[in-house]
Structures are given as C-alpha cells and as structure tokens.
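Student:
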Amino acid sequence: MDIHIDSVFHSFLEYLSLGGLVLAEALDHLDDTLSEWPPVLLVALTAFFVTVAMEMYRWYSDSDLTLMQRGKRKFFKMLRSAPIIGSKIKKELKSTKTNIAQSSFKLPKGENYRTTLPKTGLSHQELMSVVKKNYKNLEEIDWQKGKVSGTVYTGENHGIMGQVFELFCNSNLLQPGVFPGVRKMEAEIVAMCCDIFKGGPESCGTAMKKMINKNTCMLVVSAPCFPHGIIDPISEVAKLGLKYNIPVHIDMCMGGFLYPFLRLGGHDIPPSDFSVAGITSISADLHKYGKAPKGSSVVLYSDQKYRQGQFFVSTDWVGGVYASPTLAGTRSGAVIATAWATLMLQGLDGYIQHADRVIKTRESIEKRLREIEGITVIGQPKVSAVTIASNVFDVFRLGTCLTEKGWQMYTVQNPSGLCVTVTDLFNKETANQLIADVEEGTAQIMKDPNAKAEGMAAIYGMASTLPDRSLVSDFICGYLDAFYSTESHQ
C-alpha cells in the first residue's frame, strides 16, 4: 500500500515538473513576443482589459436584476442619450410632468399659496379661521364615510388623543431623563407588542431558495403582502432561514394589528409570529389597524443582538457621547403617548372584535366582486385587502369611474388593478355603495370594453406597461416636484 502511494506521489511530482517546464517555455515565448511592443501600450492594454473584466464581473454579479433586465436598462440608457431620440423623450417627459402637476394639486378659484411669513403673527382666532377655511376645507374626498382605500383607518377617539397629545407635545425622547413618563410608555408599547406576537423576554418556498446566494443578508415575508392581501409561506421561509443561518423578517405593516387578533378570535390562519422557529424580527404599524395616530410603528426582534444593530452610538463627538436607539435622534413624545393611549383604550377584546369586523367585511366584498361580469379578484386574499382586476377591459377605466363617484383607490401594477383596503370606517352601507358603483361602472365600460383609457387612467396604464422603467421614475419625480410646488393650478 505504501509502495503504491509513493508511486502515485512520484508520478504527480513528474507531471508537476513537466507542467512547470511547459509554463516556463510559454512565458519565455510570451516575453519574446511582447518585447517588440511599446511598454506604454502594454500598460494601457493591461489596464483596459482589467477594467473590462472588473466591469463584466460587477455587471454579472448584480443579483438584483436578471441579465435580461440589465440588458434592457443599458439599452434604454443608450437610447435616451442619442441626440434626436433623447431630445424627443425630454420634450414628451416635460409635457407629461406638467400634466401630472396640473391635475394633481389644484386649488379652488381665488386660492393661492403663502410663501412668506406674515409680518405680525396671527391671533388664535385668526389662525383657526385660516386653518379651517383655507386648508381643512381643501379636503374634497369624504374619507369619513370610508370612501378612501386604506390611508385613514379609524375615526375614533380624536378628542382623547388631542388631550393626550397636549400633555406631551413638548416632550423629546432624545432626553429620556427629562421625560421619564414617555420613555416608560415606549418600553410598555414594545413589551405589549412582544406579548401579542409571542416574543420571549429577549424579544425586542422553493422560489426563494433559488434566490439565496452569498450576498443574501435577510429573507423577508409579508403577512399580508400589499396590495393583494395574500400571506407568504412564512413557516417554509423560516425553515430556509434556519437552514442557511439567515435572519427572517416578517413585514406586518398592514396585518400587524389584525393577524394576531384573528387567530385569537378563532379564525383559521397559520401562525406568523415568534412562535415560528427562524423568525428573527417583525415590523407592525400601530397607525393602521392599531388605530393610533399617524407616525407610530414598532419593530420587534427575537434577540438583543439584532436590536443593537439599529442603535447609533458616537463616542468621540465633541458634544459628548451621543446615542440613539433609532435612526431619528429627536423624537416627539406626544406621538408615543397617543400610541400608548390607543392601546390602553382598545384593549385585547377591542382589537379582537375590530379584526373580526374587518375580515368579515372584506370577505363579503370579495364574494360580491367575483360575481360581477368582467371583474376578477387577484389571488386569494386572507386579511383586509382585495385587488380588483379585469381580463376584459382596462381596469384603470373603472378607476376613473370610481374616482368620479368620490372613491379613492390604490392603482397597482404587474398586474394592473385597483386595491380596496377595508378599514374601520368601511361599514355595511359603504360596502354596498362600493359594489353598486363597481357594477354600474363595469356595465358602462362593457358596452365598449376595448375603448382607450383617457386622462390619469391613460397615464397609469402607460406607467405600468412602459419597458423603460427609468421613464416611470422620472414621471414620479415630476409628481413629487409638484408636491412641493407653490404654483397655483386652478
């Protein structure tokens, strides 16, 4: 046996020696050939090919996009840089941006923007008059009756919230020693949310498997996903996280204050909390179905090591040691206080009853929508959202019809649809009105299902089908520019 091993080893050394001779001869030949080339040219070619190789590696290793998507992006970028085509695109883009700006934020006749400070401050009475007449009265959509999809999730307890806000309106969580009551409230909010999501004392699918590579830092699932109301296979993805030692996050911005209470209320839905092995963090919005004022959300962790990742600490600042538990330094204690007050007012039973009402309303709406000719519902919604689509006509035309009747729907894409998010304001009367308006609008559209969309419906349709997604980004930037514009469009 030892003789055989020695023989193999000597043979390996002979092949290695022979390979070295061949390599040395090849290098000598290469040196002789390149000796006739100018050194500057050799350096330039080396730099060129190294740069090309690095660029190809960077391009190939970009895991966010497929090769086809990267190729299309490069092609359209070159196309837009062409003199004639590029100038034409810029002209059309400018025109579209202007149309978006003029149609998005119109002011009533005679109303203008205030762009300078008043010379003298307004009295309390004058201020309230201006706020009500010139700002509050701009609201034309009747959101109080639930005709807005999502956006406003409750109409309760405004008076009490105002009183709590007033008590803590000057508090700042950057200085918890000055405002210990608000710090106590925030700690209690996190603790109560951990209890809801079955976190312990340390808490603070196949297609996905194919996407995991060396660059994967986290797996994310939704319960539910927006806009279709579909719940991702949480347990299966959590198993992948355990297998590959990758953190798994559940995005419950919409379902955080519905999903757990539906389970507590007896609804048959799979678990989506820290009881699922492999889940390392959960985010949830209190300002949606938690009924708290806007600006209140929580993120919970299965272990302190993850929570410490969000802390910011600077030990060498000339102003002293600076630390903040969140991205924001200065934080309003009033927002935290109103969130805490909301949890106290609702209680466990209140949230269970609320979740039951929302899910039953959504189930009723979904059932009736599926019965309308020309209308389809995307997927199998499980919580509060349902998305209307159509295989017969441009669904954005229906969106225009509903807008004319006072509805405000989310327009979604890939595939195109209109998202209905059921809120606490969405009562039986509102649901009946929605179905009646969808039936009427669909019946009108079905008389000429192939007609072209017009106005904003046409823009939505164009945005969802444009192959050059950078153009869509430019359109949206135009909308955001209009958001801060003080030019009056009447």
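Once you know that position 439 of the sequence shown is 439 in UniProt numbering, the rest is easy, because the numbers rise by one and skip nothing. No residue lacks a Cβ here, since even glycine has one placed at the ideal position from N, Cα and C.
Give me, in chain order, the residues of the same chain whose beta-carbon lies closer than 8 Å to that of Ile359; leave out the 5 immediate sequence neighbours on both sides.
Tutor: Start at 1 with the first residue of the sequence shown, and residue 359 comes out as number 359. Correct list, in chain order: Leu258, Leu262, His267, Val383, Ser384.
Student: What span of residues does the beta strand (DSSP E) with Ile372 cover, start to end?
Tutor: Counting from one through the sequence shown, the residue named residue 372 turns up at place 372. Looking at the DSSP string, Ile372 is not in any beta strand (DSSP E), and its letter there is neither H nor E.
Student: Would Asp285 and Phe197 be called neighbours here (beta carbons separated by less than 8 Å)?
Tutor: Along the sequence shown, one-based indexing puts residue 285 at 285. Along the sequence shown, one-based indexing puts residue 197 at 197. Cβ distance not < 8 Å, so Asp285 and Phe197 don't count as in contact.
Student: Compare the C-alpha of Ile230 against each of Val182, Asp28, Pro381 and name the closest.
Tutor: Taking the sequence shown and counting its residues from 1, the one referred to as residue 230 is at position 230. Here the closest residue by C-alpha is Pro381.
Student: Determine the burial state of Cys419: buried for a count of at least 16 other Cβ atoms within 10 Å of its Cβ, exposed for fewer.
Tutor: Position 419 of the sequence shown, counting from 1, holds the residue named residue 419. Answer is buried; the Cβ neighbour count reaches 16.
Student: Counting Cβ pairs, one atom from each stretch, are 3 or more of them under 8 Å apart for the region 173-190 and the region 326-342?
Tutor: yes
Student: For Phe48, is the classification buried or exposed, using 16 other Cβ atoms within 10 angstroms of its Cβ as the cut-off for buried?
Tutor: The count along the sequence shown starts at 1 and reaches residue 48 at position 48. Exposed: under 16 other Cβ atoms inside 10 Å.
Student: Please tell me whether Gly30 and Leu42 are closer than 8 Å, where the distance is taken between their beta carbons.
Tutor: If you number the sequence shown from 1, residue 30 lands on position 30. If you number the sequence shown from 1, residue 42 lands on position 42. The amino acid at residue 30 is misidentified as Gly; the sequence shows Leu. In this structure, Leu42 does not lie closer than 8 Å to Leu30 by Cβ.
Student: Taking Val164 and Ala337 to be in contact with their CB atoms under 8 Å, please state how far apart those CB atoms are, rounded to whole angstroms.
Tutor: Looking up residue 164 in the sequence shown gives position 164. Looking up residue 337 in the sequence shown gives position 337. Val164 to Ala337, Cβ: 5 Å. Contact.
Student: For the region 250-329, list the beta strand (DSSP E) runs that are entirely contained and at least 3 residues long, ordered along the chain.
Tutor: You should have 279-285, 297-301, 312-314, 322-324.
Student: Give the range of the beta strand (DSSP E) segment to which Ala385 is assigned.
Tutor: Taking the sequence shown and counting its residues from 1, the one referred to as residue 385 is at position 385. Segment 385-389, the beta strand (DSSP E) holding Ala385.
Student: Leaving out five residues before and five after Met192 in sequence, what residues of the same chain have Cβ atoms less than 7 Å from its Cβ?
Tutor: Numbered from 1 along the sequence shown, position 192 holds the residue referred to as residue 192. Cβ neighbours of Met192 beyond the five flanking positions: Leu343.
Student: Mind listing, in chain order, the continuous alpha helix (DSSP H) runs of no fewer than 4 residues lying wholly within the region 27-87?
Tutor: 39-60, 67-81
Student: Applying the criterion that 16 or more other CB atoms from any shown protein chain within 10 Å of the CB defines a buried residue, is Tyr153 buried or exposed?
Tutor: Residue 153 sits at position 153 when you count from the first residue of the sequence shown. It is buried - the Cβ of Tyr153 has at least 16 other Cβ atoms within 10 Å.
Student: Does the separation of the CB atoms of Ile372 and Val422 fall below 8 Å?
Tutor: The residue you call residue 372 lines up with position 372 of the sequence shown. The residue you call residue 422 lines up with position 422 of the sequence shown. No, Cβ-Cβ distance for Ile372 and Val422 is not below 8 Å.
Student: Buried or exposed, going by whether 16 or more other CB atoms sit within 10 Å of the CB of Gln346?
Tutor: Sequence index remark: in the sequence shown, residue 346 carries index 346 (1-based). That one is buried.
Student: Taking 7 Å as the limit between beta carbons, can you name the residues of its chain near Gly333, skipping five residues before and five after?
Tutor: Here the question's residue 333 lines up with position 333 in the sequence shown. Answer for Gly333: Phe168, Ser171, Asn172, Leu173, Phe179, Val182, listed in chain order.
Student: Whose C-beta lies closer than 6 Å to the C-beta of Gly150 among residues of the same chain, with five residues either side of it excluded?
Tutor: Residue 150 sits at position 150 when you count from the first residue of the sequence shown. Here the set comprises Thr421.
Student: Give every residue of the same chain whose Cβ lies closer than 7 Å to the Cβ of Ile250, excluding the five residues on either side of it in the sequence, and list them in chain order.
Tutor: Translated into the one-based positions of the sequence shown, residue 250 becomes position 250. Cβ within range, chain order: Val221, Ala223, Ile234, Ser272, Ile279, Ile282.
Student: Give a yes or no on whether the C-beta atoms belonging to Thr430 and Ile375 are separated by under 8 Å.
Tutor: Locating residue 430 in the sequence shown gives position 430, where the first residue counts as 1. Locating residue 375 in the sequence shown gives position 375, where the first residue counts as 1. It is not a contact, given that the beta carbons lie outside the stated cut-off.
Student: First and last residue of the alpha helix (DSSP H) that includes Leu240?
Tutor: Looking up residue 240 in the sequence shown gives position 240. That run of the alpha helix (DSSP H) goes 234-244.
Student: Comparing alpha-carbon positions, which option in Ile378, Gly478, Pro260, Lys106 lies nearest Ser416?
Tutor: One-based indexing of the sequence shown puts residue 416 at position 416. Minimum Cα distance to Ser416 is reached at Ile378.
Student: Asp437 and Leu402 look like a contact to me (Cβ under 8 Å); what is the Cβ gap, rounded to whole Å?
Tutor: To locate residue 437, count along the sequence shown from 1; it is residue 437. To locate residue 402, count along the sequence shown from 1; it is residue 402. The Cβ separation is near 6 Å, so the contact holds.
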